[in-house]
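Numbering (full-length UniProt numbering), first residue to last: 1 to 224.
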């Protein structure tokens with residue numbers, strides 16, 4: 001089966017790509033580049049570097065710009081998937097949807113309209129189990145955005161066993177999602193078994209938004 005993977009460059013979509021590569025013929029990645037940092041649908045920190053990750057994976061990528069306006073951004077997603085269907089004859093779309101009904105239902109509806117199967121391999125999995133899978137599958141991801149009080153020290157940290165042991169009690173104490181499903185954290189994948197080269201951050205800076213969220217902005221990255 002020919003497939004596309006909705007790809008943000010973060011841990012969940014990278015895990016979805018791992019599953020897609022195991023069970024289908026991945027023809028391309030599809031990435032939405034939102035101008036709205038508070039997009040309801042799409043990951044935004046360092047999103048333009050998804051193209052570099054696609055290069056590392058040796059996969060074509062369809063980049064679709066969107067203003068990130070609620071509901072209107074869905075039309076941009078539909079256009080991107082239509083391009084993937086026309087160009088690569090895909091039959092299904094893999095997503096990294098984990099717990100967000102808002103995301104999953106809307107992506108599913110668009111896929112149905114385009115007569116594409118929608119596959120969510122992580123759907124309703126334990127968030128801690130998903131974090132553990134990164135280590136099991138040798139996917140190296142770091143935290144590039146923290147948007148909840150108490151998470152500041154995790155910025156730039158690798159998601160590994162130590163991270164899981166620290167985030168588990170803290171998430172219970174703060175009442176947040178340990179995998180950041182509520183938008184508390186964002187991640188970026190530097191290496192994976194399906195990468196032909198790993199990514200190395202050469203230059204970065206930290207940006208603090210008006211709400212107190214902090215983003216590790218990657219200014220320069222290279223394939224090594």
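Just so it is clear, CB atoms sit at the ideal spot from N, CA and C, and this is done for glycine as well.
For residue i versus residue j, is the C-beta distance shorter than 7 Å?
i, j, result
"residue 1", "residue 24", "yes"
"residue 176", "residue 201", "no"
"residue 77", "residue 140", "no"
"residue 9", "residue 64", "no"
"residue 80", "residue 28", "no"
"residue 127", "residue 178", "yes"
"residue 122", "residue 96", "yes"
"residue 186", "residue 45", "yes"
"residue 188", "residue 57", "no"
"residue 14", "residue 192", "yes"
"residue 220", "residue 197", "no"
Rounding to the nearest angstrom, what Cα-Cα distance links residue i and residue j in this structure?
i, j, result
"residue 183", "residue 68", "16 Å"
"residue 20", "residue 3", "8 Å"
"residue 243", "residue 199", "Any question about residue 243 goes unanswered here, given that the chain covers just 1 to 224."
"residue 210", "residue 55", "33 Å"
"residue 107", "residue 147", "25 Å"
"residue 174", "residue 181", "14 Å"
"residue 18", "residue 32", "19 Å"
"residue 156", "residue 39", "22 Å"
"residue 37", "residue 214", "12 Å"
"residue 170", "residue 131", "15 Å"
"residue 143", "residue 91", "33 Å"
"residue 168", "residue 136", "18 Å"
"residue 105", "residue 11", "21 Å"
"residue 208", "residue 118", "36 Å"
"residue 253", "residue 145", "Coverage of the chain is limited to positions 1 through 224, which leaves residue 253 absent and any answer about it impossible."
"residue 86", "residue 120", "22 Å"
"residue 222", "residue 66", "26 Å"
"residue 71", "residue 110", "12 Å"
"residue 154", "residue 48", "22 Å"
"residue 42", "residue 149", "22 Å"
"residue 224", "residue 138", "17 Å"
"residue 22", "residue 172", "34 Å"
Would you decide whether residue i is buried or exposed? Buried here means 16 or more other CB atoms lie within 10 Å of its CB.
i, result
"residue 206", "exposed"
"residue 129", "exposed"
"residue 5", "buried"
"residue 134", "buried"
"residue 103", "buried"
"residue 212", "exposed"
"residue 216", "buried"
"residue 101", "exposed"
Assuming the contact rule is C-beta atoms closer than 8 Å, residue i and residue j should be a hit. Round their C-beta distance to whole Å, please.
i, j, result
"residue 82", "residue 99", "Not confirmed; about 27 Å, so no contact."
"residue 16", "residue 88", "The Cβ separation is near 17 Å, so there is no contact."
"residue 7", "residue 26", "10 Å between Cβ atoms; not a contact."
For a test of your reading of the model: does the CB of residue i fall under 6 Å from any non-hydrogen atom of the ligand FAD? Yes or no.
i, result
"residue 223", "As for the ligand FAD, it is missing from this structure, which has no ligand bound."
Quick one: is residue i near chain D, going by C-beta distance under 7 Å?
i, result
"residue 218", "Protein chain content of the structure displayed is limited to a single chain, and chain D is not contained in it."
Validate contact between the region 158-168 and the region 97-114 using beta carbons, cut 8 Å, 3 pairs: no
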